[in-house]
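A short worksheet on the structure shown next.
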Amino acid sequence: METLENGLRVVVENQPWNPGLSFTLLVPVGAVNDPPDRLGAASMLETWLWKGAGVRDAKAFANALDSLGVSRASGTGIEYTTFSASLLPEGLPATMELYSDLISRPHLPDDAFESVRSLALQELAAIEDQPARKLMKKLRREAFTSAHGQPVEGEKETILSMTPAALRAEYARRYGPGGSVLAVAGGVKPDNVYRLAEEYFGSWSGAVSGEVPVRLSSPHRFHLQQETEQVQIGLFYKDVPPGDYDFYAARLAASILSGGMSSRLFTEVREKRGLVYSVSASPGSVKGFGYLLAHAGTTPSNAQETLDVVRRVIEGLREGVTRAELDRAKIGLRADLVLAGESSRARSASLARDVFILGKPRSLEEIEAEVMDVTLDRIDLFLSRHAYENPWVGTLGPVEVV
Amino acid sequence: MSAVEFHEATLANGLKVIAEVNPEAKSAAAGYFVRTGSRDEVAGEEGISHFLEHMVFKGTERRSAWDVNREFDEMGAKYNAFTNEEMTVFYGAVLPEFLPRLLDLLTDLMQPALRPEDFESERKVVLEEIALYRDRPDAVLFERAQRRYFGMHPLAKPVLGTPESIAKMQVGQMRAYHQRRYVPGNMILAFAGNLVWEEILLLAEAMTANWARGEAVRNHPPFKPRPGLERDPFDKASQLYTTFMSPGYSARREERYMARVLAEILGDADNGRLFWRLVDAGLAESAMAFHHEFDDLGVFYVYIQGDPTNEEAVSEAVMTELQGLQSGGITSEELERAKLKAATSLVFAGETTLSRLFYLGVNYSYTNRYEPLNAVRRWLLHLETYHFDEVLEEKPFAETLEYRLVPAG
Numbered sequence: 155m156e157t158l159e160n161g162l163r164v165v166v167e168n169q170p171w172n173p174g175l176s177f178t179l180l181v182p183v184g185a186v187n188d189p190p191d192r193l194g195a196a197s198m199l200e201t202w203l204w205k206g207a208g209v210r211d212a213k214a215f216a217n218a219l220d221s222l223g224v225s226r227a228s229g230t231g232i233e234y235t236t237f238s239a240s241l242l243p244e245g246l247p248a249t250m251e252l253y254s255d256l257i258s259r260p261h262l263p264d265d266a267f268e269s270v271r272s273l274a275l276q277e278l279a280a281i282e283d284q285p286a287r288k289l290m291k292k293l294r295r296e297a298f299t300s301a302h303g304q305p306v307e308g309e310k311e312t313i314l315s316m317t318p319a320a321l322r323a324e325y326a327r328r329y330g331p332g333g334s335v336l337a338v339a340g341g342v343k344p345d346n347v348y349r350l351a352e353e354y355f356g357s358w359s360g361a362v363s364g365e366v367p368v369r370l371s372s373p374h375r376f377h378l379q380q381e382t383e384q385v386q387i388g389l390f391y392k393d394v395p396p397g398d399y400d401f402y403a404a405r406l407a408a409s410i411l412s413g414g415m416s417s418r419l420f421t422e423v424r425e426k427r428g429l430v431y432s433v434s435a436s437p438g439s440v441k442g443f444g445y446l447l448a449h450a451g452t453t454p455s456n457a458q459e460t461l462d463v464v465r466r467v468i469e470g471l472r473e474g475v476t477r478a479e480l481d482r483a484k485i486g487l488r489a490d491l492v493l494a495g496e497s498s499r500a501r502s503a504s505l506a507r508d509v510f511i512l513g514k515p516r517s518l519e520e521i522e523a524e525v526m527d528v529t530l531d532r533i534d535l536f537l538s539r540h541a542y543e544n545p546w547v548g549t550l551g552p553v554e555v556v
Numbered sequence: 028m029s030a031v032e033f034h035e036a037t038l039a040n041g042l043k044v045i046a047e048v049n050p051e052a053k054s055a056a057a058g059y060f061v062r063t064g065s066r067d068e069v070a071g072e073e074g075i076s077h078f079l080e081h082m083v084f085k086g087t088e089r090r091s092a093w094d095v096n097r098e099f100d101e102m103g104a105k106y107n108a109f110t111n112e113e114m115t116v117f118y119g120a121v122l123p124e125f126l127p128r129l130l131d132l133l134t135d136l137m138q139p140a141l142r143p144e145d146f147e148s149e150r151k152v153v154l155e156e157i158a159l160y161r162d163r164p165d166a167v168l169f170e171r172a173q174r175r176y177f178g179m180h181p182l183a184k185p186v187l188g189t190p191e192s193i194a195k196m197q198v199g200q201m202r203a204y205h206q207r208r209y210v211p212g213n214m215i216l217a218f219a220g221n222l223v224w225e226e227i228l229l230l231a232e233a234m235t236a237n238w239a240r241g242e243a244v245r246n247h248p249p250f251k252p253r254p255g256l257e258r259d260p261f262d263k264a265s266q267l268y269t270t271f272m273s274p275g276y277s278a279r280r281e282e283r284y285m286a287r288v289l290a291e292i293l294g295d296a297d298n299g300r301l302f303w304r305l306v307d308a309g310l311a312e313s314a315m316a317f318h319h320e321f322d323d324l325g326v327f328y329v330y331i332q333g334d335p336t337n338e339e340a341v342s343e344a345v346m347t348e349l350q351g352l353q354s355g356g357i358t359s360e361e362l363e364r365a366k367l368k369a370a371t372s373l374v375f376a377g378e379t380t381l382s383r384l385f386y387l388g389v390n391y392s393y394t395n396r397y398e399p400l401n402a403v404r405r406w407l408l409h410l411e412t413y414h415f416d417e418v419l420e421e422k423p424f425a426e427t428l429e430y431r432l433v434p435a436g
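Residue numbers (this note's numbering), protein chains in the order written: chain L, 155 to 556; chain G, 28 to 436.
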């Protein structure tokens with residue numbers, strides 16, 4: 155990893171066998187630093203940025219990327235926005251130049267603003283048709299009292315009251331190299347990337363948003379009434395943050411809960427009882443804080459039993475795990491790492507996130523060594539001290555479950 | 028990429044074994060591709076292909092359901108299965124040293140025990156899966172549009188079946204279906220990644236030695252597209268969900284590549300004609316087009332999601348673009364961009380062992396031949412605008428079904 159003078163951190167993982175490469179440009183602009191009266195600003199900015207940059211209007215910009223064969227994506231989350239590209243190595247200089255235009259010389263044209271607003275409103279409305287997503291969004295909002303609970307998509311009122319000037323001010327206030335990361339993985343030499351990064355991103359300047367400390371509400375329950383076929387059930391448990399000594403023990407515990415089909419949740423909820431098609435628990439994190447999100451969907455007559463069993467299984471972790479379970483979780487995570495290592499897209503995204511959350515990249519070998527280091531005693535000691543209990547519980551559906 | 032080698036063999040029992048070997052890969056993948064799906068179901072079997080896919084994981088004479096789940100996880104395998112109208116696929120990816128064990132497990136699963144008690148508990152899971160999709164307007168749209176477009180053709184049947192068909196299903200029917208469809212002549216065993224061909228072939232031969240030969244047939248009734256416009260109010264939709272279906276090319280026809288490029292020019296998510304007309308203009312949240320290939324026919328799909336107040340404007344815009352493409356054709360600049368993008372995306376399709384396995388297995392199941400990604404890539408790059416004349420002269424968009432799912436009331 156190298157840090158440019160303007161603060162942009164650049165990280166490269168060479169995959170010598172790979173004929174392609176991917177990069178992820180991460181900027182620390184997310185729902186967490188949307189002002190309360192401008193909720194949705196980060197997401198709207200992401201859309202607006204694509205509407206022309208540098209010497210090109212929107213169409214010319216898209217054509218230029220297509221002419222390089224670049225497949226691209228962008229997305230906004232709680233803490234950051236990412237812009238990613240997958241391409242052949244010979245196109246890297248030209249593509250980096252285009253992405254540099256995109257984030258540091260966007261036109262943010264007035265005449266595209268209403269369409270950006272319209273898309274934001276439609277995206278917000280579409281969540282109503284996605285019951286699981288709607289519930290999990292509300293669950294985050296209920297659990298965090300800090301800005302981490304703010305909706306990425308914004309709210310109807312804040313989207314309607316947004317102006318081009320307000321959104322430009324958000325761009326000026328939040329887009330900059332400090333706190334941002336450029337991560338590259340694939341068939342490319344690191345020195346080459348550092349040189350190109352300096353050339354195309356070295357003169358980028360701009361401000362950085364401050365960090366927001368995490369605050370939580372007291373655990374509680376809520377229900378959203380909606381006429382659906384299935385009841386959606388969501389649980390939010392406090393977990394270990396990345397960088398913590400127990401982080402990998404917690405990751406293995408999550409895998410024992412919900413890794414493969416022999417995991418505890420799948421076995422108890424689906425295999426033994428036939429209560430659901432889908433049940434899962436997955437670890438998540440924001441800077442400095444980790445959580446475990448569990449989800450299940452089931453028809454109303456099964457809802458109470460499903461919630462009870464899911465809680466019993468997760469909270470039963472405090473009794474410890476078996477050696478066989480730990481061994482399966484370890485080999486599963488090892489295989490995940492190998493398979494993730496085959497994909498330049500997955501690696502560039504993980505590297506960017508690592509640098510953002512931890513301040514440094516983790517190599518696959520390093521993660522594997524950490525996972526292998528977790529002994530049965532160590533995970534049992536962790537589970538006895540860190541109880542998964544007292545969750546925030548949300549339900550959505552035609553009946554309320556208590 | 029240069030180190031990749033293809034091998035194939037047909038075992039004495041009729042099972043076709045194929046492999047794309049890459050000694051540089053860090054993983055290996057295996058899969059059984061069974062040429063069976065909802066279109067092969069007879070009356071009373073609606074949803075049985077998919078239900079059987081679930082039951083396959085419930086164990087064999089040698090293994091309980093728990094044994095199956097545990098053994099996959101003991102290998103750290105990334106594994107799953109899927110069923111569609113024409114194919115049921117069981118697959119896994121592992122570190123290379125586990126490949127023989129993965130093969131043993133997958134092979135055993137092809138002869139499932141179908142125990143009545145497992146059948147009852149899994150019936151509940153399948154009913155939950157159906158309920159899950161009934162809460163998703165996009166899934167409901169495609170199921171209903173397909174039923175309307177295909178009419179009496181077997182591709183009209185929903186893959187998951189219906190709550191009624193699943194509730195009535197008997198384990199005896201499933202045994203009969205399995206016997207009829209899961210026969211060596213109707214399956215392909217495919218491998219990709221880091222493996223030694225001669226070794227894995229010997230293992231496959233030994234593990235399937237007791238399989239009885241057998242062939243399965245598929246009906247290919249004639250199909251006539253059923254164009255028209257349907258407007259379907261749905262109480263779980265707050266947005267507009269629209270699809271346009273037009274006749275395309277089967278998975279066995281070379282024109283499918285041209286059709287894919289046309290779909291890309293029309294409906295690429297970042298730079299397609301529909302994107303500029305609808306999404307850039309703020310009329311719809313998403314607009315895309317793709318070409319889907321079945322065994323004996325293909326379909327151009329357009330999918331639009333957005334604000335229901337723009338319903339008529341969206342319809343008019345898509346129809347105008349379809350007509351414009353059909354009568355005006357494509358420009359050489361559009362073609363250059365689309366083929367370069369498609370060619371580059373093939374490089375990424377070849378990145379992971381699992382995506383190579385799917386590409387290999389699905390393609391071979393339809394065409395009975397191996398098409399290396401590199402060759403397809405080179406071929407795409409040589410396309411010129413005149414190659415599209417024949418496809419457009421058939422006027423695919425003259426027979427379009429437009430199906431709209433709209434908010435109820």
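Quick reminder that beta carbons are idealized off the backbone N, C-alpha and C, glycines included. Owing to the predicted nature of the structure, the values given are computational and were not obtained by experimental measurement.
>> Comparing C-alpha positions only, which one of A248/L, A196/L and D211/L sits nearest to Y354/L?
In response: A248/L
> According to DSSP, is V467/L helix, strand or coil?
Replying inline: In the structure shown, V467/L sits in a helix (DSSP, three-state: H, G or I).
> Between L289/L and L158/L, which are expected to be in contact by the criterion C-beta below 8 Å, what is the C-beta distance as a whole number of angstroms?
Replying inline: Between L289/L and L158/L a beta carbon distance of about 42 Å is seen, past the 8 Å cut, so the two are scored as non-contacting.
>> Taking 7 Å as the limit between beta carbons, can you name the residues of its chain near R192/L, skipping five residues before and five after?
In response: T312, M316, A320 and E324
> In chain order, what residues of the same chain have a beta carbon less than 7 Å from the beta carbon of A52/G, not counting five sequence neighbours either side?
Replying inline: G220, N221 and T380
> On the three-state DSSP scale, how would you describe G119/G?
Replying inline: strand
> DSSP state of E429/G, grouped into three classes?
Replying inline: When secondary structure is reduced to three states using DSSP, E429/G falls in the strand class.
> So which residues on chain L does M346/G lean against when the C-beta distance must stay under 9 Å?
Replying inline: The premise fails here: M346/G is roughly 21 Å from chain L at the closest Cβ pair, so nothing lies under 9 Å.
> DSSP three-state call for S372/L: helix, strand or coil?
Replying inline: coil
>> Under 9 Å, Cβ to Cβ, is there at least one residue of chain G near L512/L?
In response: It does not; no Cβ of chain G falls within 9 Å.
> Skipping 5 residues on each side, what residues in its chain have a beta carbon closer than 6 Å to that of A243/G?
Replying inline: Excluding sequence neighbours, A243/G sits near R208, V210 and N213.
>> Here's a check: name, in chain order, each residue in its chain whose Cβ is nearer than 8 Å to the Cβ of S225/L, leaving out the five neighbours to either side.
In response: A239, S240 and L241
>> Using a Cβ-Cβ cutoff of 7 Å, what residues of the segment 151 to 162 of chain G are near chain L? List them in chain order.
In response: K151, V152, E155, E156, A158, L159, R161 and D162
>> Does G513/L pass the burial test, meaning 16 or more other C-beta atoms within 10 Å, or should it be called exposed?
In response: exposed
>> Please classify G229/L as buried or exposed, where buried requires at least 16 other C-beta atoms within 10 Å of its C-beta.
In response: Around the Cβ of G229/L, a 10 Å sphere holds fewer than 16 other Cβ atoms; the residue is exposed.
>> Below 8 Å on C-beta distance, what does E51/G contact in chain L?
In response: Result: W171.
> What three-state label does DSSP hand I45/G in the structure shown?
Replying inline: strand
>> What does the alpha-carbon distance come out to for the pair E47/G and D67/G?
In response: Going by the C-alpha atoms only, they are around 29 Å apart.
>> Which of the three DSSP states is assigned to L230/G in this structure?
In response: Collapsing the DSSP output to three states places L230/G in a helix.
> I think E150/L touches D165/G, with their Cβ atoms under 8 Å apart; what is that distance to the nearest whole Å?
Replying inline: Nothing about residue 150/L can be read from this structure; chain L reaches only from 155 to 556.
>> Do V153/G and F78/G count as a contact pair if the criterion is CB distance below 9 Å?
In response: Going by beta carbons, F78/G and V153/G fall inside the 9 Å limit.
>> What does the alpha-carbon distance come out to for the pair S277/G and L537/L?
In response: 55 Å
>> Mapping the DSSP letters down to three states, classify D211/L as helix, strand or coil.
In response: strand
> What is the DSSP secondary structure of K441/L, reduced to helix, strand or coil?
Replying inline: coil
>> Please list, in chain order, the chain L residues whose beta carbon lies closer than 7 Å to that of V364/G.
In response: In the sequence on display, residue 364/G carries Arg and not Val. Residues of chain L passing the Cβ test: N217, D220 and S221.
> How many angstroms separate the CA atom of M28/G from the CA atom of G413/L?
Replying inline: Only weak support is given to the placement of M28/G: the predicted model assigns it a pLDDT of 46, under 50, and the value that follows is read from those uncertain coordinates. C-alpha separation (whole angstroms): 32 Å.
> Are R488/L and V525/L close, meaning C-beta to C-beta below 9 Å?
Replying inline: Taking a C-beta distance under 9 Å as the contact criterion, R488/L and V525/L qualify as a contact pair.
> Can you find a CB in chain L that lies within less than 9 Å of the CB of L122/G?
Replying inline: For L122/G, the answer is yes, since a Cβ of chain L falls inside 9 Å of its Cβ.
> Nearest-angstrom Cα distance between A56/G and Y431/L?
Replying inline: 26 Å
> At a CB-CB cut-off below 8 Å, which residues of chain L make contact with V374/G?
Replying inline: P173, G174 and L242
>> According to DSSP, is F536/L part of a helix, a strand, or is it coil?
In response: helix
> For the segment 429 to 441 of chain L, which residues have a CB atom closer than 8 Å to at least one CB atom of chain G, in sequence order?
Replying inline: L429, V430, Y431 and S432
> Using 8 Å as the Cβ pair cut-off and three pairs as the minimum, do the segment 369 to 386 of chain G and the segment 331 to 339 of chain G touch?
Replying inline: no
> Under three-state DSSP, which class holds W204/L?
Replying inline: coil
> Is F541/L helix, strand or coil by DSSP?
Replying inline: It should be pointed out that residue 541/L corresponds to Ala in this sequence rather than to Phe. DSSP places A541/L in coil when its eight states are reduced to three.
> Residues of chain G with CB under 7 Å from P344/L, in chain order?
Replying inline: Here the premise fails: no neighbours, minimum Cβ distance about 20 Å.
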